[in-house]
Amino acid sequence: MADLTSLAQYLLAITPAFLVCAALLLAVPRSVPLLRVLVHIVFFVLARDAMTAHGYWQVAAGGLRFTAPPLVLLALGAMSLGLVASTCWLESEARRQIHWMGMRPALSVLLGVAGACLIVALATGLKALFGLPSLPPVAPSALPLLLGFALAANCYEELLFRGLLQQQLRASLPAWRAALVSGLLFGLCHAFLATTVTQVGAPILVFTVIEGVVAGLVYCRAGLLGASLAHGLAIFALAAGWV
Numbered sequence: 000m001a002d003l004t005s006l007a008q009y010l011l012a013i014t015p016a017f018l019v020c021a022a023l024l025l026a027v028p029r030s031v032p033l034l035r036v037l038v039h040i041v042f043f044v045l046a047r048d049a050m051t052a053h054g055y056w057q058v059a060a061g062g063l064r065f066t067a068p069p070l071v072l073l074a075l076g077a078m079s080l081g082l083v084a085s086t087c088w089l090e091s092e093a094r095r096q097i098h099w100m101g102m103r104p105a106l107s108v109l110l111g112v113a114g115a116c117l118i119v120a121l122a123t124g125l126k127a128l129f130g131l132p133s134l135p136p137v138a139p140s141a142l143p144l145l146l147g148f149a150l151a152a153n154c155y156e157e158l159l160f161r162g163l164l165q166q167q168l169r170a171s172l173p174a175w176r177a178a179l180v181s182g183l184l185f186g187l188c189h190a191f192l193a194t195t196v197t198q199v200g201a202p203i204l205v206f207t208v209i210e211g212v213v214a215g216l217v218y219c220r221a222g223l224l225g226a227s228l229a230h231g232l233a234i235f236a237l238a239a240g241w242v
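Residue numbers (numbering that gives the first Met the number 0): 0 to 242.
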C-alpha cells in the first residue's frame, strides 16, 4: 500500500505539467513538428526531475542508483513504454521519418552494445581522472528488474531526443551535426538536475553530453534500436555499480 501511495503522490505531482503540455500539444499544429517535440521533452524533463524529490533515484558525482521500490520501478517502466506508444500516436507524421534500425537488425544491436561500451569506458576514464568514487554493486537479484527499467525508460528518452529531435534536425543539418546538436541539447536538459535538484554539478553534465553524442552517432548508423540500447545499457551498468 505504501508503494501505491508513493506512486500516486508522484503522479499527482506531475499532473499540472502534464495538463499544460497536453494543452500545448492541442494548440500547436502538427505543421510545427520541432516545437511539438520540444513540448514532449519539457514534460519528460519535469517528470524525470520529480523522481528525485520522491526518492526514486539518487544521483552522485560517481554514479546513480535507482531507489524506488520494485513495484514502483515496474510501474514507471510500463508508463515509459506507454509514453512511447502515445507519443508515436500523437506524432504520427514525424514517426514516419524515424530511422528505426539499420539495414541489418543484428548489426544495429551490435552497434548499440558497442556504443554502451564506449560510454562506459569514457565514464570510467573520467572518474579515474577526477578521482570520483564508485557506488557498490547492487545485489544480483535486482539486476533483471534494473535492466528492464533502464531499457524501457531510456527507450522513451531516445525516442524524444534521437527519433524525433535529431531526425527533425536532419532536415537542415548533416547527420553528424544533428547528432552533435541533439547530444548537446540532451546534456543541457540535465543542467537543472545537475546544478539545482542534486547539486552534483559538472560530472552530470559531462557524462550526459558524452552519452547524448554517442547515442546520436549510433542513431545515424543503427537507428532508434541501436541508440536505445547504447543509452539503456550504459545507464544499467552505471546503476548496477559496475562503473
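Note that CB positions come from ideal geometry on N, CA and C, so glycine has one too.
For residue i, the residue or residues it bridges with in DSSP
i: W56; result: F65
Beta-carbon proximity list for residue i, same chain, < 6 angstroms, skipping 5 on both sides
i: V44; result: C188
i: S79; result: A151, A152 and Y155
i: H53; result: Y9
i: A115; result: A229, L232 and A233
i: L192; result: D48
i: V196; result: D48 and T51
i: L121; result: I209
Residue i: first and last residue of the uninterrupted alpha helix (DSSP H) it sits in
i: T230; result: Going by the sequence as given, residue 230 is His instead of Thr. Unbroken alpha helix (DSSP H) run through H230: A201 to A238.
i: L184; result: A174 to L187
i: P143; result: L142 to E157
i: T258; result: Residue 258 is absent from the structure shown; the chain starts at 0 and stops at 242.
7 angstroms CB neighbourhood of residue i in its chain, flanking five on each side removed
i: L142; result: A239
i: F235; result: L145, L146 and A149
i: W99; result: G222, L223 and L224
i: L216; result: A178
i: G200; result: A193 and T194
i: R220; result: G101 and L110
For a minimum of 4 consecutive residues, which ranges assigned as the alpha helix (DSSP H) are wholly contained in the region 77–103?
91–94
Does the contact criterion of 3 or more C-beta pairs under 8 angstroms hold for the region 83–91 versus the region 174–181?
no
The region 102–113 / the region 194–213 touching (three or more Cβ pairs under 8 angstroms)
no
Are the region 129–140 and the region 19–31 touching, with three or more C-beta to C-beta distances below 8 angstroms?
no
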